[in-house]
């Protein structure tokens, strides 16, 4: 079953600059969510929150600290209050 993707925006510090990042929540074919992140029209990374609690970069070239920061911002948006 294909579910629609979910779009939202976060603000994160990348290379010392505050960036507005569009996040698109997608799913793998086996139903595992992952997040495609864009600045403007340019995709900067794809992330997944692994079962052991660490954010992993599936695609892109961002440093681990930035991946964790973006992941924290994604969790803030996707975790119910």
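In this note's numbering, the protein residues as written are 2 to 82.
Glycine residues also receive a C-beta, built at the ideal position from the N, C-alpha and C atoms.
Taking all protein chains shown into account, do 16 or more other C-beta atoms lie within 10 angstroms of the C-beta of residue 60, making it buried, or fewer, making it exposed? Under this definition residue 60 is an exposed residue.
Return the chain-ordered list of same chain residues with a C-beta closer than 7 Å to the C-beta of residue 69, the five sequence neighbours on each side being excluded. Correct list, in chain order: 56.
Which stretch, first to last residue, makes up the alpha helix (DSSP H) that contains residue 74? Start and end: 65 to 79.
With a CB to CB cut of under 6 Å and the five nearest residues on each side skipped, what residues in its chain are close to residue 38? Taking C-beta separations shorter than 6 Å and ignoring five residues to either side along the sequence, the partners of residue 38 in its chain run 22, 24, 45, 46, following chain order.
What residues in its chain sit with their C-beta under 7 Å from that of residue 51, if we drop five residues either side in the sequence? Answer for residue 51: 57, listed in chain order.
Determine the direct distance from the alpha carbon of residue 11 to that of residue 103, and round the result to whole angstroms. Residue 103 cannot be examined here, being either before or after the span of the chain that is shown, 2 to 82.
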